[in-house]
Amino acid sequence: MTQSQEAQVVDAVIANAVHHAKLRATPDDVAFGLLHALRLLRDHAEALGASTVGRIDDAVRAQVLAESLQRRAINPRFRHAVLAEPGPTAYPAMEILGDAALTCLLLESSPQTPTAMNRAAHELVEQLREVLGAPPCWSDVDDMLRGPDADAGESTIEEMAIWLH
């Protein structure tokens with residue numbers, strides 16, 4: 001499979017998962033599910049090494065910040081989207097979107113060049129912006145992906161998801 005075909009498949013998998021998550025969850029819970037899927041990709045990247053997780057973090061940060069700067073250039077009163085606490089429909093969204101992220105990892109042709117993982121992260125952030133109507137603040141996304149205390153190794157998503165089971 002070429003990289004172009006891989007990107008098309010990844011985009012279709014993520015778009016389909018978002019569509020089905022929207023049928024079962026509120027927009028805020030779909031956003032929470034998208035962050036959960038990004039966390040799964042980041043966890044997989046950590047297993048591949050620091051350089052891989054750094055590339056994922058840098059790509060997500062650049063995408064969120066670029067969109068924020070574009071919006072601010074157009075509208076000086078621009079406000080970031082607020083990430084809400086998970087609600088009762090967060091669990092289905094987390095499962096659907098988490099499975100989609102893991103499916104995208106199966107498309108990976110080579111672990112040395114994780115193009116499917118990078119594309120999935122890009123598409124998840126794009127869908128997050130669409131669901132929220134505006135890009136979230138990068139520090140909020142970073143806190144959700146790493147947890148507020150990165151040294152402790154605890155994920156905000158994992159802590160919040162405990163009560164969902």
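For the sequence shown, counting from 1, position 19 maps to 19 in my numbering; every step adds exactly one. The beta-carbon is built from N, C-alpha and C at its ideal position, and this holds for glycine as well.
Query: For the structure I just gave you, are there three or more beta carbon pairs, one from the stretch 91 to 100 and one from the stretch 20 to 38, closer than 8 Å?; Result: yes
Query: Please go through the same chain and pick out, in chain order, the residues whose beta-carbon is closer than 6 Å to the beta-carbon of VAL18, but skip the five residues on each side of it.; Result: GLN127
Query: Out of SER4, ASP29 and GLN63, point me to the one whose CA is closest to GLY87's CA.; Result: ASP29
Query: Are the CB atoms of LEU132 and ALA15 within a distance shorter than 8 Å?; Result: no
Query: Do GLU46 and ALA116 come within 8 Å of each other at the CB atom, strictly closer than that value?; Result: no
Query: Where does PRO88 sit, in a helix, a strand or coil, going by DSSP?; Result: coil
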